[in-house]
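Reviewing the structure listed below.
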Amino acid sequence: MRVGRSLLRYLSDVLLNGRLRAYLDILVVGSGARIFGLASQFVVLIMLSRFLSKGSFGDLMTAFGFFRLAGLALGVGGSLVLLYHVSRHRDDDRAEIRLQRFSALVGAIPSGAIALATVFAAGPIAAALGKPSLAIWLKELAPFLLFTTLLTITTGALEGRSRVAQSIFWGEVAPNAVRMVLLPLVAFLHLPATYVAHVLTLSVLLPWLFLARRMCNRAVAGWQRWSRWDYTYSGKFVAATLFANQLGAADIVIASLLFSSVLVADYAVAARLAALFTFFELALLKRFAPRAGRLLAVNDDAGLHREFDMCRRLAIGCVAMTTSGVLLMAPILLPLLGNYLDARSLLIWLAIPSFIASFYATSDRLLIIAGQANVALVVTASSFAMLIACPFGTAPWFGLVAIPAAMILSVLLFNPIVAIRARGLAGVRTFAWRDGALMACGCIALAGAAIVGSYASTMIACAMLCAIGAYYLTTALSRSAGDDYDDSLIFAAGKSTAPRAGLLPDKASQ
32 MRVGRSLLRY LSDVLLNGRL RAYLDILVVG SGARIFGLAS QFVVLIMLSR FLSKGSFGDL
92 MTAFGFFRLA GLALGVGGSL VLLYHVSRHR DDDRAEIRLQ RFSALVGAIP SGAIALATVF
152 AAGPIAAALG KPSLAIWLKE LAPFLLFTTL LTITTGALEG RSRVAQSIFW GEVAPNAVRM
212 VLLPLVAFLH LPATYVAHVL TLSVLLPWLF LARRMCNRAV AGWQRWSRWD YTYSGKFVAA
272 TLFANQLGAA DIVIASLLFS SVLVADYAVA ARLAALFTFF ELALLKRFAP RAGRLLAVND
332 DAGLHREFDM CRRLAIGCVA MTTSGVLLMA PILLPLLGNY LDARSLLIWL AIPSFIASFY
392 ATSDRLLIIA GQANVALVVT ASSFAMLIAC PFGTAPWFGL VAIPAAMILS VLLFNPIVAI
452 RARGLAGVRT FAWRDGALMA CGCIALAGAA IVGSYASTMI ACAMLCAIGA YYLTTALSRS
512 AGDDYDDSLI FAAGKSTAPR AGLLPDKASQ
């Protein structure tokens with residue numbers, strides 16, 4: 032009994048205090064929001080499939096996918112500029128508002144121009160693709176591009192102030208909630224099908240209007256122009272975002288060029304489920320970025336190293352555990368979607384690059400918040416080039432496995448660049464011999480399960496991943512036991528105020 036009480040007291044101290052609590056908070060809120068987002072997307076898809084014919088639904092998804100990807104790519108640059116600067120000056124509300132105004136303008140100009148050009152070119156584009164009915168959706172959904180860009184930019188300011196839960200709510204939950212409310216009204220009132228496009232536009236317009244009130248503060252005049260470095264930083268991440276959209280985007284295009292539609296359908300389903308592997312990791316990285324930015328700004332080396340180690344271990348553990356859960360549920364989930372049980376082996380192969388990348392994800396986010404855009408651009412461009420080139424040569428031997436094989440090879444070759452640069456920049460260690468051994472064990476178990484193809488082999492691989500995830504989560508738990516929970520989410524600054532060698536200074540509006 033006494034041992035049980037001591038253990039309970041220890042766990043309480045660790046979970047309710049310390050650096051770990053900040054990440055547990057965002058895991059609970061962020062994962063809950065993302066679960067709602069996934070569920071609502073499924074409901075929205077059911078609604079749309081009932082409102083529209085199969086052909087119209089396909090055309091709508093084509094236009095929606097194009098505008099959504101373009102909006103995210105154009106918005107991520109301004110979002111990261113805001114995250115970079117606001118995380119370093121969280122108390123300067125006036126500078127944040129002025130910078131946010133100019134960032135919105137920078138995003139609105141190209142997105143608005145592309146939206147307008149698409150409206151005029153909708154007919155020729157649809158004719159070139161052999162889909163005349165696509166033109167109406169390209170025209171009606173054009174405003175969606177503009178407001179998706181603006182909403183993405185605005186969430187960067189929230190994340191810079193460590194308002195990660197609010198960022199997830201307004202960026203993911205609110206748009207899906209608006210769609211779930213308004214789409215049934217379209218059906219109930221028997222409105223034309225094109226009103227679906229207006230609902231999708233309102234789903235991003237309304238959250239942005241709510242957040243944009245902060246920019247309308249009359250007590251703060253003017254805007255804060257970007258510096259040349261800001262433009263360069265933003266532009267590189269726009270390109271990096273386009274290159275990084277490989278899973279469920281570029282890979283499906285490549286599959287459609289190399290294989291039959293039946294095989295492409297299997298791969299598309301596997302890729303969609305594979306996106307769940309990083310479900311919790313993304314929320315953790317959103318919490319880490321503003322904390323790391325502030326610690327970099329105040330030169331708190333010790334705090335940064337502890338923060339980095341905590342997030343790295345949690346990210347690896349969460350990806351390993353989530354991957355295990357998805358693979359175990361795959362035999363149940365795949366039949367629900369149709370005759371897609373053959374996609375199970377592809378899903379296991381796709382788990383390998385996600386698992387390997389989790390060891391480097393925290394280092395990558397550290398470089399982003401440190402202003403090191405070149406590394407992200409080189410890594411994403413190189414992996415994108417390998418994804419495009421390799422399958423055309425290896426597909427005759429490996430079939431569809433050639434695509435995840437290219438992803439595995441690219442993450443093994445190029446992600447160590449991230450680790451080397453992070454070590455040289457901030458002195459953090461991404462990889463140790465134990466990490467390499469555990470990574471190898473997990474990859475070998477997954478590859479064996481994919482080759483054997485039996486459920487027993489999958490169970491063995493999942494057990495291995497669970498053991499690896501448990502190791503990283505428990506070590507993160509034990510290393511946070513001595514920390515005090517900081518409600519501001521940022522630890523106290525060190526005494527040093529000199530700029531860190533190799534780090535870029537804050538260059539907003541220079």
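Position 489 (the sequence shown) corresponds to 520 in the working numbering; numbering is contiguous.
We put the CB at the ideal spot given by N, CA and C, even for glycine.
This structure is a prediction, so every number in the text was calculated from the model and none was measured.
Buried or exposed (CB count within 10 angstroms, at least 16 for buried), residue i
| i | result |
| --- | --- |
| Tyr371 | buried |
| Ile383 | buried |
| Phe311 | buried |
| His221 | exposed |
| Ala476 | buried |
| Arg129 | buried |
| Ala463 | exposed |
| Gly533 | Note that Gly533 scores a pLDDT of 43, beneath 50, so its modelled location is shaky; the value from the coordinates is reported in the next line. Looking at its Cβ environment, which holds fewer than 16 other Cβ atoms inside 10 Å, Gly533 is exposed. |
| Ile363 | exposed |
| Met360 | exposed |
| Val117 | buried |
| Arg452 | buried |
| Arg465 | exposed |
| Ser485 | exposed |
| Asp122 | exposed |
| Phe98 | buried |
| Arg125 | exposed |
| Ile482 | exposed |
| Thr505 | exposed |
| Phe415 | buried |
| Ala323 | buried |
| Ala205 | buried |
Cβ separation of residue i and residue j, assumed to be a contact under 8 angstroms, to the nearest whole Å
| i | j | result |
| --- | --- | --- |
| Leu497 | Met352 | Sequence inspection shows Cys at residue 497; the Leu mentioned does not correspond to that position. Their Cβ separation, rounded to whole angstroms, is 6 angstroms, which keeps Cys497 and Met352 in contact under 8 angstroms. |
| Glu190 | Ala320 | 6 angstroms |
| Phe268 | Leu111 | 5 angstroms |
| Val107 | Thr183 | 6 angstroms |
| Leu213 | Leu242 | About 19 angstroms separates the two Cβ atoms, so there is no contact after all. |
| Val357 | Leu307 | 5 angstroms |
| Ala346 | Ala392 | 5 angstroms |
| Leu431 | Leu377 | 6 angstroms |
| Leu408 | Ala270 | 6 angstroms |
Limits of the alpha helix (DSSP H) - the one that residue i falls within
| i | result |
| --- | --- |
| Asn446 | 433-457 |
| Pro427 | 404-429 |
| Asp466 | 464-483 |
| Ala188 | 173-191 |
| Gln197 | 195-199 |
| Ala271 | 259-275 |
Three-state class that DSSP yields for residue i in the structure shown
| i | result |
| --- | --- |
| Ser488 | helix |
| Pro215 | helix |
| Pro163 | coil |
| Asp517 | Any reading at Asp517 must be qualified, since the residue scores a pLDDT of 46, below 50, and its modelled position is unreliable; the value itself is stated next. Looking at Asp517 - three-state DSSP - the assignment turns out to be coil, as it is neither helix nor strand. |
| Leu372 | helix |
| Leu316 | helix |
| Gly102 | helix |
| Ala250 | coil |
| Thr461 | coil |
| Thr149 | helix |
| Val235 | helix |
| Pro223 | coil |
| Ala388 | helix |
| Arg245 | helix |
| Asn207 | helix |
| Leu113 | helix |
| Gln255 | coil |
| Phe290 | coil |
| Arg119 | coil |
| Asp90 | helix |
| Ala401 | coil |
| Val350 | helix |
Residue-level contact to chain C via CB, residue i, 7 angstroms cutoff
| i | result |
| --- | --- |
| Leu237 | Checking the listed chains, one finds no chain C in this structure; it contains a single protein chain. |
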